[in-house]
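Position one of the sequence shown corresponds to residue 510 (the working numbering), numbered consecutively onward.
Everything on this sheet refers to the single structure shown next.
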Amino acid sequence: MTQDILDFLNNIDTVNTKSVHTRDAYRRDLEEFHFFLINQGVTFWQGVDSKTIMRFIEHLNKNGKGGLQNSTISRKISSLRSFFNYLAQQNEVSHNPLKSIHNPAKQKKLPDFLLFEELNMLLESFDLTDPVQLRNRAMFELIYASGLRVSEAATLSLQDIDLDQRTLRFIGKGSKERMVPFYSDCADVLRQYLDESRPILMKGKLHHRVFINQQGEGFSSRGIEYLLDQCAKKAGITRTVHPHMLRHSFATHLLDNGADLRLVQELLGHENISTTQIYTHVTLDRLKATYLKSHPRAKLPVKTT
């Protein structure tokens with residue numbers, strides 16, 4: 510059985526239709542399923558039927574505290590479906606036992622965002638006379654000002670910035686060009702960083718990346734994630750902060766202040782407006798909380814008989 514898994518993974522490498530990340534996910538999912546089968550006393554693939562798959566899903570739902578997320582279970586089911594399709598093509602099984610198995614519904618997780626007060630705590634915590642702290646302020650301010658993905662901030666080039674027009678024009682997710690504005694305070698900090706800090710951090714190296722790490726190279730996405738969390742902690746923000754929270758904050762604050770949903774969709778670069786609509790749930794929840802806290806009749810105690 511182990512050899513069949515290796516053959517499947519080698520087939521992925523040969524066909525080259527999946528990323529390295531996807532291949533590793535397949536490997537982990539199939540190894541977990543194989544271990545489950547051993548504990549169930551199943552020693553050959555032909556012995557796997559839909560009931561076996563349902564027991565495995567039940568096992569996943571009991572995994573850890575409260576089970577795995579639907580998105581994780583769905584990925585594992587998709588991995589098994591692809592694997593059994595391969596086994597069927599190799600005549601190792603007569604049919605795919607996942608043919609009648611449906612992936613669980615995708616859970617919609619409300620995005621985490623920073624309150625405006627928390628953002629100010631973060632952005633005002635930097636000493637702009639220090640080249641590194643000036644860079645940090647410019648980078649995090651721009652991510653929030655323009656709703657950038659962390660990958661977009663990491664790969665941003667000098668030619669993508671128009672300081673006079675206060676706009677960014679770059680190739681975003683899905684290889685689509687996007688133009689987004691940024692406000693004047695952000696432009697001032699960004700200009701100061703480019704004039705004063707970036708030349709020092711470059712250490713004589715030549716490239717066009719906007720945001721430079723301590724080695725004079727462009728940041729990786731992971732490097733930005735780590736740096737933001739460390740800076741947030743130093744600023745007194747107790748929860749874990751990641752760059753996508755700045756993007757979520759950008760969208761939430763725009764909608765809170767009356768921005769049109771279609772405009773926010775365009776600024777975020779969302780293909781489908783349903784992706785943007787999740788932010789309306791956040792603003793509605795906050796609206797209800799403010800209403801219950803502020804309306805005089807809403808604060809009256811409930812009468813009991």
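Cβ atoms here follow ideal geometry from the backbone N, Cα and C, with glycine treated the same way.
Source: prediction; values computed, not measured.
Could you check the C-alpha separation between residue i and residue j for me, to the nearest Å?
| i | j | result |
| --- | --- | --- |
| asparagine 781 | proline 690 | 21 Å |
| arginine 646 | leucine 637 | 8 Å |
| threonine 747 | asparagine 572 | 29 Å |
| lysine 574 | alanine 534 | Bear in mind that the predicted position of lysine 574 carries a pLDDT of just 48, short of 50, making it unreliable; the figure below should be weighed with that in mind. Rounded to the nearest angstrom, the two C-alpha atoms are 22 Å apart. |
| glutamate 775 | phenylalanine 592 | 38 Å |
| glutamine 598 | asparagine 520 | 12 Å |
| glutamine 555 | serine 783 | 41 Å |
| histidine 753 | arginine 658 | 6 Å |
| lysine 743 | aspartate 794 | 29 Å |
| aspartate 639 | histidine 543 | 54 Å |
| aspartate 625 | alanine 654 | The amino acid at residue 625 is misidentified as aspartate; the sequence shows phenylalanine. The alpha-carbon atoms of phenylalanine 625 and alanine 654 are separated by roughly 12 Å. |
| tyrosine 702 | arginine 644 | 6 Å |
| aspartate 671 | aspartate 769 | 25 Å |
| leucine 816 | glutamine 642 | For residue 816 there is no data in the structure shown, the boundaries of the chain being 510 and 814. |
| arginine 700 | glutamate 633 | 17 Å |
Sorted by chain position, which residues of the same chain lie with C-beta nearer than 6 Å to residue i's C-beta, five sequence neighbours on each side aside?
| i | result |
| --- | --- |
| tyrosine 845 | Residue 845 cannot be examined here, being either before or after the span of the chain that is shown, 510 to 814. |
| methionine 648 | Phe720 |
| lysine 585 | Asp538 |
| glycine 730 | Note that residue 730 is serine in the sequence shown, not glycine. So the list reads Val659, Ser660 and Ala663, once near-sequence residues are dropped. |
Could you check which residue in the options has the C-alpha nearest to that of residue i?
| i | options | result |
| --- | --- | --- |
| leucine 623 | Gly778, Val773 and Val750 | Val750 |
| leucine 515 | Arg536, Val529, His530 and Thr531 | Arg536 |
| asparagine 679 | Arg707, Gln701, Ser693 and Arg718 | Checking the sequence, you will find phenylalanine at residue 679 rather than asparagine. Considering only alpha carbons, the answer is Arg718. |
| glutamine 674 | Gln786, Leu667, Tyr692 and Arg658 | Tyr692 |
| threonine 552 | Pro620, Ser730 and Asp513 | Asp513 |
| proline 613 | Glu633, Leu651 and Asn570 | Asn570 |
| alanine 696 | Ile582, Leu518 and Glu650 | Glu650 |
Pick helix, strand or coil for residue i, following the three-state DSSP scheme.
| i | result |
| --- | --- |
| glycine 727 | strand |
| proline 606 | coil |
| aspartate 794 | helix |
| aspartate 533 | helix |
| proline 690 | strand |
| leucine 637 | coil |
| isoleucine 746 | coil |
| lysine 574 | For lysine 574, the predicted structure reports a pLDDT of 48, less than 50, and the residue's modelled location is therefore unreliable. A value from the coordinates is still provided. Coil at lysine 574, not helix or strand. |
| arginine 675 | coil |
| arginine 718 | strand |
Who are the near neighbours of residue i in its chain, counting only those whose CB is closer than 7 Å to its CB and skipping five residues on each side?
| i | result |
| --- | --- |
| glycine 745 | Met630 |
Could you name the residues of the same chain whose beta carbon sits closer than 8 Å to that of residue i, not counting the 5 residues immediately before and after it, in chain order?
| i | result |
| --- | --- |
| aspartate 522 | Arg532 |
| threonine 785 | Ala760, Leu770, Val773, Gln774, Leu777 and His779 |
May I ask whether a heavy atom of the ligand NAP can be found less than 6 Å away from the beta carbon of residue i?
| i | result |
| --- | --- |
| isoleucine 787 | For the ligand NAP, the structure offers nothing, since it holds no ligand at all. |
Contact between the region 550-565 and the region 605-615 is defined here as three or more beta-carbon pairs at a separation below 8 Å; is this criterion met? By the criterion of at least three beta-carbon pairs nearer than 8 Å, the region 550-565 is in contact with the region 605-615.
For the pair the region 722-742 and the region 675-693, tell me if three or more CB-CB distances fall below 8 Å. Output reads no: the region 675-693 does not touch the region 722-742.
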